[in-house]
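Peer 1: If you want my numbering, it's the position in the sequence shown, counting the first as 1, plus 612.
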Amino acid sequence: MKRFENLKAVLFDLDGTLVNTLPGLTELVNQMRSDFDKPPLSEEKVGKYIGKGMFVLVRRAMTDSMDEPFPEEMFNLAVKSMARHVEAGRYSKGVLYPDTIETIKYVKNLGLKTAIVTNKPYQMTLDTLAGKGLLELVDLVVGGDSAARPKPYPDPLIYACEKLGVALEEVLMVGDSGNDSSAAKQAGVPSILVRTGWSEGVPLDEIAKRDEAAAMIDHLSDLKALLPATEGAHA
Numbered sequence: 613m614k615r616f617e618n619l620k621a622v623l624f625d626l627d628g629t630l631v632n633t634l635p636g637l638t639e640l641v642n643q644m645r646s647d648f649d650k651p652p653l654s655e656e657k658v659g660k661y662i663g664k665g666m667f668v669l670v671r672r673a674m675t676d677s678m679d680e681p682f683p684e685e686m687f688n689l690a691v692k693s694m695a696r697h698v699e700a701g702r703y704s705k706g707v708l709y710p711d712t713i714e715t716i717k718y719v720k721n722l723g724l725k726t727a728i729v730t731n732k733p734y735q736m737t738l739d740t741l742a743g744k745g746l747l748e749l750v751d752l753v754v755g756g757d758s759a760a761r762p763k764p765y766p767d768p769l770i771y772a773c774e775k776l777g778v779a780l781e782e783v784l785m786v787g788d789s790g791n792d793s794s795a796a797k798q799a800g801v802p803s804i805l806v807r808t809g810w811s812e813g814v815p816l817d818e819i820a821k822r823d824e825a826a827a828m829i830d831h832l833s834d835l836k837a838l839l840p841a842t843e844g845a846h847a
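1. Going by other Cβ atoms of all chains shown within 10 Å of its Cβ, with 16 needed for buried, is K692 buried or exposed?
2. If you draw a straight line from the alpha carbon of D823 to that of D679, how long is it in whole angstroms?
3. Can you tell me the Cα-Cα spacing of A847 and L741, whole angstroms?
4. So, with DSSP's three-state summary, where would you put S789?
5. How would you write the range of the beta strand (DSSP E) that F624 sits in, first residue to last?
6. Tell me the DSSP bridge mates of L708?
7. When the Cα of S677 is compared with those of A796, G813 and L747, which residue comes out closest?
8. Is there contact here, the stretch 653-668 with the stretch 717-729, by at least three beta-carbon pairs under 8 Å?
9. Could you tell me whether the Cβ atoms of L630 and L708 are closer together than 9 Å?
10. Given this structure, state the Cα-to-Cα distance separating A841 from R671, to the nearest angstrom.
11. Please report the distance separating the alpha-carbon of A690 from that of R696.
12. Is it right to say N721 is buried, meaning 16 or more other beta carbons lie within 10 angstroms of its own, or is it exposed?
13. Look up L784 in the DSSP assignment and give the residues it is bridged to.
14. For R807, tell me which candidate among A796, A621, L780 and L835 has the shortest Cα-Cα distance.
15. Could you check whether the stretch 731-749 touches the stretch 654-661, counting it as contact only if at least three pairs of C-beta atoms, one from each stretch, sit closer than 8 Å?
16. Can you tell me which of the three DSSP states K692 falls into?
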């Protein structure tokens, strides 16, 4: 496949793209459900509910469904429960995928700017990144509460470009789900989907076709073959 040229920045999703956070999110979900005497959910089930931010995860996890209505009063109580457990910090913060650091370093060595653009709340994102050696490698972190609307809306990508000082046509979005590729499509940004995440239970091939993703890769390190071959090739 043809390499991406004229790039100035690469935007990365977090959960399922750079870090495997599913075990910890499952722990949080089940701590919350336990507060309401609900049985625990499996990692496989929680994986399908991840992607559209914490509020959507709370609703899906409490109803054990993708879109079943949930009374507002109960929802508010569940959100407070989740917030307490997040603040308590008694959950796994996730593990970097084996090729995350080397890939980010490769991107940086090309002279490209980097940003993490996630639907996870900003402070929770910083907690997830702490001690992993990744926060020091990126120029910007955009959380689900940083822009007016989270992915799949284009707002976080537009916000990231403004903060990085680059144009939308000069960036690439890398993620694992339709939230990433849909946000990219609406922003006019090319996207690459990596098969390491969960994609809300929807086959990644279907998502890539729907959102006209530029490529699908099996591992994050496969991104290197699609970027400019030498430093300065983006200028």
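Virtual Cβ for every residue (Gly too), placed ideally from N, Cα, C.
Peer 2: To lay it out plainly:
1. exposed
2. 22 Å
3. Note that A847 scores 38 on pLDDT, short of 50, meaning its location in the model is unreliable and no value can be drawn from it.
4. coil
5. A621 to F624
6. V631
7. G813
8. no
9. yes
10. 44 Å
11. 10 Å
12. exposed
13. V622
14. L835
15. no
16. helix
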